[in-house]
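Sequence order for the protein chains is G and V.
Just so we're aligned, residue 1133 is where the first sequence starts under this note's numbering, counting upward by one.
Just so we're aligned, residue 1133 is where the second sequence starts under this note's numbering, counting upward by one.
First comes the structure, then the notes that go with it.
2 protein chains.
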Amino acid sequence: MATDGIPNEKVRDALRAAHLYYLQDLTMEAIASELHTSRSSVSRLLGFARDIGLVEIQVKSPADRISSVQDRIHEQHGVNAYVVPVPDSTAEVDRLERVAMSAARILGPFFDSNMTMGIAWGSTLSAVSRHLQDKVTHNSQIVQLNGASNAQTTGIGYASEIMSRFGRAFGAYVQQFPVPAFFDDPRTKEVLWRERSIRRVLEIQKRMDIALFGLGSALADVPSHVYVGGYLDEADFEQLRHSEVVGDVATVFYRADGSSDDIPMNARSSGPSLSLLSKVSRRVCVVSGRSKLPALRGALAAGVMTDLIIDEATAHSLLDG
Amino acid sequence: MATDGIPNEKVRDALRAAHLYYLQDLTMEAIASELHTSRSSVSRLLGFARDIGLVEIQVKSPADRISSVQDRIHEQHGVNAYVVPVPDSTAEVDRLERVAMSAARILGPFFDSNMTMGIAWGSTLSAVSRHLQDKVTHNSQIVQLNGASNAQTTGIGYASEIMSRFGRAFGAYVQQFPVPAFFDDPRTKEVLWRERSIRRVLEIQKRMDIALFGLGSALADVPSHVYVGGYLDEADFEQLRHSEVVGDVATVFYRADGSSDDIPMNARSSGPSLSLLSKVSRRVCVVSGRSKLPALRGALAAGVMTDLIIDEATAHSLLDG
DNA sequence: AGAGCGTCTGCACATATGTGCATTCGACTT
DNA sequence: AAGTCGAATGCACATATGTGCAGACGCTCT
């Protein structure tokens, strides 16, 4: 069942309240008397209705796009841009939070029944997962794009929490990917990739309709989760520097020109190769913060995304540079 | 221009405010400081944003339809039903008002650029027109379905006000139909229908993508606008009674079984014949109040509508009877 | 029956939002 | 330059909405 343990009656009331409030502009007071309950209950009921996704609010830019920034990004880089307004003064953390919230809202309409969405993991995705609006879908699934365990931990807690938040929000089946983020030996990966249990996941990945990911910025001042979680050692870093890596998508690395060939680390990565990724019809990238700029430029050069959700300041920098 | 005399800057701010408020859940206070203005201005800005249709709020019934009423109506009568929740105790006038408000909201998504919508006129349509949400469309038009003038007045004020409200809300071109609601002599109609200026309108009607109308209930306790506005005289009423008429759509009459042949009054009516109307792909009917029930049954029998927007009580009566 | 537990309710209060009004600002007229 | 008008602003107040809390209610378990 999609409607877990929630009494059907409550949903019915919530639906009715939402209808009266949002479609008929009644005040909560009026709705309360109509439902024979107190105003405060109505307030809570409406909150519930929003939570379970009975109410969808869209903000549409008028046909004559105000935010020409989005258009210019589209022209220059061929991706659909969603520029999230955030004042420059905002702290980096808040900025990510706000971009993530918008991303979660934008994502809603993208995902629907009978679809498969692949998601990476990291601080960006974690933030997005915390702001997802519920939306009922059927026969849909969420699949993890790259492994999360490392020498220290299984990484289960972090990555799988992201996964399950997505699964819960959409009522989708969640397919974990229980492999390490990076293998010590590329041959291990090759062997493991032949296992049926793994191939099943790889097959699902291959059929996904949407991919959702943030960007890792290898050597930026604000290192991404992959770079501080004990996934890589000093030798690995040295190797990345030597390969002139500027960023990664789902633990697959690339250079400033978008190329990702002959980067030894990729043979050890559990993530989907960029060429495989680019077969997905919709590839949504969420970026927040100027420190991601080099990684973003590389990712754009690689043509890794079709849709970009980005904060205002970084969007401007992207165009200025 | 679609964006009349509104300074572009205001729209930009409104869009930004809407984004921050609806998509990032900021408080108006926070938005005010971000836009360097006062909280009250933000409140007004958001109101403006809603007015010009930057914000769209949808209430979606979950897949497992709560309101089985809609489904049952669909099964029994083959039309898409939208049941508007209204308590039974509500006065007839308020009821119409609330149904109209919901209708206006439901209508929004139906109409888009490059479309033509034909509309009737009457108290129901008038109410709907007063609650329309703005929506920017291009190359779209609104066409009047039936004439509005009578022996006393040209009817211009009333009908054309409805028309122009629709036109304004959608930024659509408005095509009036400057003929009497009923001709005294059917031959006058025949002759006039050959005039090029009239044929032009008839051509537009023929190509419309949506038709929107209420129902007239001929002999009900609450007579419709047509029946009190001096459009018909006592002889006409007698004739209608004799023809066993139960209602009308855009001044075209029909019987309880849905038939409309051999009703003399129809030869004098300026409205589109039911057979012509039924060629329109989407035909939306708005009904409020139990007194419309006989007219509604007849209209359903005639298969005149594809979508029905109706108040709860009347919907129940429809199923019960 | 009665204790234990979690959920739901309405109250009272804390916040957040809407709006009349007087004032200011700018564009345009005389 | 002064005058006129309308739009835009912020203040103060009126409404509307959100939420902590204590009590009520309906369970289960003993």
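Note that the Cβ used here is the ideal one computed from N, Cα and C, for glycine as well.
Which class does residue i belong to by DSSP, given the choice of helix, strand or coil?
i	result
R1339/V	coil
M1437/G	coil
G1250/G	strand
Y1154/G	helix
S1272/V	coil
G1299/V	helix
P1396/V	helix
P1404/V	coil
I1442/G	strand
L1257/G	helix
D1145/G	helix
L1177/G	helix
P1310/G	coil
E1224/G	helix
S1172/G	helix
I1189/G	strand
F1243/G	coil
Spatial neighbours of residue i within its chain, please: C-beta separation below 7 Å, excluding the five flanking residues on both sides.
i	result
R1339/G	T1248
R1171/G	M1160, E1161, A1164
A1259/V	L1228, E1229, A1232
Can you check which of these residues, the options, is closest to residue i by C-alpha distance?
i	options	result
L1239/V	L1451/V, I1441/V, E1166/V, G1453/V	I1441/V
I1330/G	D1183/G, G1453/G, V1275/G	V1275/G
G1346/G	E1207/G, P1312/G, D1203/G, L1432/G	L1432/G
R1373/G	A1382/G, V1381/G, P1396/G	P1396/G
Y1154/V	R1300/G, Q1265/G, H1209/G, A1149/G	Q1265/G
S1234/V	H1263/V, G1210/V, V1211/V, I1251/V	H1263/V
D1244/G	A1181/G, N1271/G, T1438/G, A1367/G	N1271/G
V1269/G	F1298/G, V1260/G, S1261/G	According to the sequence displayed, residue 1269/G carries Thr and not Val. Of the candidates F1298/G, V1260/G, S1261/G, the one whose C-alpha sits nearest the C-alpha of T1269/G is F1298/G.
L1186/G	A1301/G, E1293/G, P1217/G	A1301/G
L1451/V	V1419/V, I1205/V, G1379/V	I1205/V
G1390/G	A1382/G, L1344/G, L1428/G, P1217/G	L1428/G
K1267/G	I1184/G, A1146/G, G1435/G	I1184/G
D1226/G	P1312/G, C1417/G, S1255/G, V1143/G	S1255/G
S1423/V	A1280/V, E1322/V, G1379/V	G1379/V
Any beta carbon from chain V within less than 9 Å of residue i's own beta carbon?
i	result
H1206/G	no
A1150/G	yes
R1237/G	yes
V1260/G	no
M1233/G	yes
E1166/G	yes
P1404/G	no
D1136/G	Legend: pLDDT at D1136/G = 49, less than 50; position of this residue unreliable, no value from coordinates given.
L1186/G	yes
K1338/G	no
Using the rule of at least 16 other Cβ atoms within 10 Å of the residue's Cβ for burial, across every protein chain shown, is residue i buried or exposed?
i	result
W1325/G	exposed
D1136/G	Only weak support exists for where D1136/G lies, its pLDDT of 49 falling under 50; the coordinates are left without a value.
Y1305/G	exposed
K1192/V	exposed
E1327/V	exposed
G1250/G	buried
Q1273/G	buried
H1209/G	buried
K1411/G	exposed
D1316/G	exposed
R1237/G	buried
For a cutoff of 9 Å on Cβ pairs, would you count residue i as touching chain G?
i	result
Q1276/V	no
G1210/V	no
D1157/V	yes
G1279/V	no
I1189/V	yes
G1299/V	no
V1333/V	no
V1418/V	no
A1304/V	no
Can you find the residues in the same chain that come closer than 6 Å, C-beta to C-beta, to residue i, ignoring five residues on each side of it along the sequence?
i	result
M1133/V	The pLDDT assigned to M1133/V is 35, lower than 50, so where the model puts this residue is not dependable; a value taken from the coordinates is nonetheless given after this. Cβ within range, chain order: n/a, list empty.
A1447/G	V1201, V1215
I1336/V	V1275, Q1307
E1376/G	R1387
M1437/G	V1211, R1415, C1417
Could you pull out every residue in the same chain whose Cβ sits closer than 8 Å to the Cβ of residue i, ignoring the five residues on either side in sequence?
i	result
V1384/G	N1278, S1392, N1398, S1401, G1403, P1404, S1405, L1406, L1409
L1158/V	L1152, E1166
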